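Chains as they are written, first to last, in our numbering: chain A, 15 to 208; chain B, 15 to 208.
No residue lacks a Cβ here, since even glycine has one placed at the ideal position from N, Cα and C.
Since the model is a prediction, treat every value here as computed from it, not as a measurement.
Structure record follows, encoded as structure tokens.
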């Protein structure tokens, strides 16, 4: 699993073969197949491993004794941190969701729990009078897309902006800018007339 | 080009073969190859055709006689409309950016002009005192990711929310919610203390 993860990070693509993974892990491909039941099984195990812990932490957030706005901030930071560490994860999930069998599995263990946690965080904030009412489904796609795109589109980062690596400073700047935009918007009082 | 576009929309993937495209267009594959110089050439022509007009319109925005906030709103609406009509376009660009030769071509004709137009729109807004100063590069990835994700992740839309089609009403709700979030944020005055 670590070999597959490392290869996807190094290459910036999710199209790696079982024999490349076996080679990197110094394991027989047949053994990898036997253990995971093939590449799909390995990828599913990897996604569960990477996102499982993150999802448990996120669900823990909903019962934490902090105000709802702080919770939402921690949630968004957490999502960005996952994409920072595993930039392939969104593409991998997307590819899996296209598969009828894997798709249902990924939806059940990842997409739906994430959507549910997020819905709860948003509704808590609205109930506390801290957040405007907002459709949790629309919120889900706006936030996940915004969190992911810097990492998903590292090619555009290089080609259009000449930035070749996402370091910790860039991750932090992206997080702060995104949080400020989501919470406060970019409009100044004078702009409100526009 | 229309056959390729239709196939990618119908299947929700960009991995279609030249022979499938030829079959749909009722044209000999050799003829398609001769005319476009292969599948890469066809895809490049398609992306240019789809985004060329949109980019020209966007560049026109910068010189229009409306206030900067309205310009930025029109820009974001325009981006969402492109993804709504051609949901495969971002993935296709991403795949092309991975290719050393195609990548430079796509960056030159699409990514850089888009980034430049957006930078100008944001800086105009800041100069007019309507928008907070914001890093145009970070803005680029947040906005493009947020605009794209509903369309990119239609599988998650189906699997996690049971929504099987993005209709015009959903497109409009997504646009309005995104614009309000980007401009005004989701925080209510009471939340500002949190």
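Starting from residue i and walking both ways along the alpha helix (DSSP H), at which residues does that stretch end?
i                     : result
residue 95 (chain A)  : 82-99
residue 174 (chain B) : 168-175
residue 41 (chain B)  : Where residue 41 (chain B) is concerned, there is no enclosing alpha helix (DSSP H), given that its DSSP letter is neither H nor E.
residue 61 (chain A)  : 53-76
residue 105 (chain B) : 103-111
residue 124 (chain B) : Neither: residue 124 (chain B) is in no alpha helix (DSSP H) and is coded neither H nor E.
residue 31 (chain B)  : Unbroken run through residue 31 (chain B): none, as it is neither H nor E.
residue 22 (chain A)  : 16-25
According to DSSP, what are the bridge partners of residue i?
i                     : result
residue 145 (chain B) : A:201
Compare the beta carbon distance of residue i and residue j with 7 angstroms and say whether it is the shorter of the two.
i                     : j                     : result
residue 112 (chain A) : residue 168 (chain B) : no
residue 129 (chain A) : residue 160 (chain B) : no
residue 127 (chain B) : residue 69 (chain B)  : yes
residue 44 (chain B)  : residue 82 (chain B)  : no
residue 154 (chain B) : residue 132 (chain B) : yes
residue 146 (chain A) : residue 200 (chain B) : yes
residue 189 (chain B) : residue 94 (chain B)  : yes
residue 215 (chain A) : residue 102 (chain A) : Examination of residue 215 (chain A) is not possible in this model, given that chain A is present from 15 through 208 alone.
residue 156 (chain B) : residue 192 (chain A) : yes
residue 77 (chain A)  : residue 134 (chain A) : no
residue 202 (chain B) : residue 144 (chain A) : yes
residue 59 (chain A)  : residue 50 (chain A)  : yes
Let me make sure I understand the geometry here. Which of the options has the alpha-carbon closest to that of residue i?
i                     : options                      : result
residue 98 (chain A)  : A:201, A:200 and A:181       : A:181
residue 79 (chain B)  : B:138, B:34 and B:171        : B:138
residue 158 (chain B) : B:77, B:96 and B:172         : B:96
residue 125 (chain A) : B:32, B:176 and B:67         : B:176
residue 164 (chain A) : A:152, A:64 and A:185        : A:185
residue 107 (chain A) : A:32, A:193, A:27 and A:197  : A:27
residue 121 (chain B) : B:77, B:18, B:104 and B:202  : B:104
residue 37 (chain A)  : A:136, A:18, A:52 and A:72   : A:18
residue 92 (chain A)  : A:71, A:109 and A:110        : A:71
residue 150 (chain A) : B:179, B:174 and B:151       : B:174
residue 183 (chain B) : A:52, A:116, A:152 and A:196 : A:152
residue 53 (chain A)  : A:65, A:24 and A:109         : A:109
residue 140 (chain A) : A:197, A:114 and A:74        : A:197
Chain B contacts from the region 83-117 of chain A (Cβ-Cβ distance under 7 angstroms): 83, 84, 108, 111, 112 and 117
Within 9 angstroms of chain B by C-beta, residues of the region 170-182 of chain A in sequence order: 170, 171, 172, 173, 174, 175 and 177
Could you run through the region 188-199 of chain B and flag, in chain order, every residue whose CB is less than 7 angstroms away from some CB of chain E? Among the protein chains of the structure shown, namely A and B, there is no chain E.
Using a Cβ-Cβ cut-off of less than 9 angstroms, list which residues of the region 44-77 of chain B approach chain A; keep chain order. Flagged: no residues at all.
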